[in-house]
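In terms of the numbering used here, the sequence shown is numbered consecutively and its last residue is 221.
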Amino acid sequence: RAVQYFARFYAWYLLRNGNKDEAARWAGLKAHLGLARKHSLVIRLGKPMEHLQAALKASLTSDPPAETITTVARQIGYFGYLIYDTLVWASTIKFMKLDPRTSQRVARRAFQFWFAGIVFSIINGALKTARLNKEERRIQGSVPWGVPFPRSNINTPESARTATRQQIIIDMCDAWIPATGSGILNINEGALGILGLISSLLGAKAQWIAVNGKK
Numbered sequence: 007r008a009v010q011y012f013a014r015f016y017a018w019y020l021l022r023n024g025n026k027d028e029a030a031r032w033a034g035l036k037a038h039l040g041l042a043r044k045h046s047l048v049i050r051l052g053k054p055m056e057h058l059q060a061a062l063k064a065s066l067t068s069d070p071p072a073e074t075i076t077t078v079a080r081q082i083g084y085f086g087y088l089i090y091d092t093l094v095w096a097s098t099i100k101f102m103k104l105d106p107r108t109s110q111r112v113a114r115r116a117f118q119f120w121f122a123g124i125v126f127s128i129i130n131g132a133l134k135t136a137r138l139n140k141e142e143r144r145i146q147g148s149v150p151w152g153v154p155f156p157r158s159n160i161n162t163p164e165s166a167r168t169a170t171r172q173q174i175i176i177d178m179c180d181a182w183i184p185a186t187g188s189g190i191l192n193i194n195e196g197a198l199g200i201l202g203l204i205s206s207l208l209g210a211k212a213q214w215i216a217v218n219g220k221k
């Protein structure tokens, strides 16, 4: 994903500087990588159901109502995005036939669902951050004045807050991509490439920490 968005930026940069042939090569790489990421049929069909299952699971948790609602809405947004994006993919590989106008409309609807999912994710992150801040103040207030505060008491809220904050940053970078694809905004390809690259690298870092821990 990081290479795909770098290619998107670099193709824009080359084209802006009049290097059309080289820009076409990088644009082709971007298109190929974008399609390659969608080519596993099992993943394409299974991913939407994962988000639907996550929405159902979230609805049964004991989290605060506002956090539950935004979590469910986020997962439904991603579910809708993947369903419509799968239709676009099926049309691209000639598995089903969509006329250009219908294909464009379906792609735009996919971007709308993706954007909605990200917006709900940002709202959820803001609500969760506020709750964790309140929880930290409560824990700190429970320690008598003059007694050293044991940092181990706050490790869980602090780590959760850090992860939530990073996800908000990733979402804020990603949001511009579907916002442009759905016609809400009109950001140039270079900026979208840089934003996508940043979010991809941050996501990779978060995944590395989740698997290997901080080193």
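Ideal Cβ placement from N, Cα and C applies to all residues, glycine included. Every value quoted in this text rests on a predicted model; they were computed, and no experiment measured them.
Less than 8 Å between the C-beta atoms of residue i and residue j, yes or no?
i, j, result
"I190", "F119", "no"
"G40", "Q10", "yes"
"F117", "G83", "no"
"I174", "G209", "no"
"L201", "I183", "yes"
"T170", "K134", "yes"
"A72", "K36", "no"
"I124", "D180", "yes"
"F15", "P54", "no"
Note down the Cα distance separating residue i from residue j, rounded to an integer number of angstroms.
i, j, result
"A30", "I176", "28 Å"
"L203", "Q213", "15 Å"
"Q59", "T76", "15 Å"
"R167", "S109", "40 Å"
"R144", "R107", "56 Å"
"T218", "K211", "The identity of residue 218 in the sequence shown is Asn, whereas the question assumes Thr. Each residue's Cα considered, the two are about 10 Å apart."
"M178", "A216", "21 Å"
"K100", "A8", "27 Å"
"Q172", "S165", "11 Å"
"R22", "G34", "16 Å"
Kindly list the residues whose CB is nearer than 6 Å to the CB of residue i, restricted to its own chain and excluding five residues on each side of it in sequence; keep chain order.
i, result
"R115", "Y90"
"P163", "L138, E141, E142"
"V78", "A61, A64, S65"
"S205", "I176, C179, D180"
Spatial neighbours of residue i within its chain, please: C-beta separation below 8 Å, excluding the five flanking residues on both sides.
i, result
"K103", "S97"
"T74", "A64, S65, T67"
Given a threshold of 16 other Cβ atoms within 10 Å of its Cβ, counted over all protein chains shown, does residue i qualify as buried or as exposed?
i, result
"D27", "exposed"
"H38", "exposed"
"G24", "exposed"
Quick one, which of the options has its alpha-carbon nearest residue i's?
i, options, result
"R111", "N23, V94, E164, L20", "V94"
"G199", "G24, W32, N23", "W32"
"R87", "L66, H57, D105", "What sits at residue 87 in the sequence shown is Tyr, not Arg. Checking every option, the nearest Cα to that of Y87 belongs to H57."
"S188", "A113, N194, M178", "A113"
"L20", "G196, I215, V217", "G196"
"A136", "R107, R22, P70, P106", "P70"
Near residue i, which residues of its chain fall below 7 Å by C-beta distance, leaving aside the five closest residues on each side in sequence?
i, result
"T193", "The question names Thr, yet the displayed sequence has Ile at residue 193. Excluding sequence neighbours, I193 sits near W182, T186."
"W18", "N194, E195, G196, G199"
"R80", "G123, F126, S127, N130"
"D105", "none"
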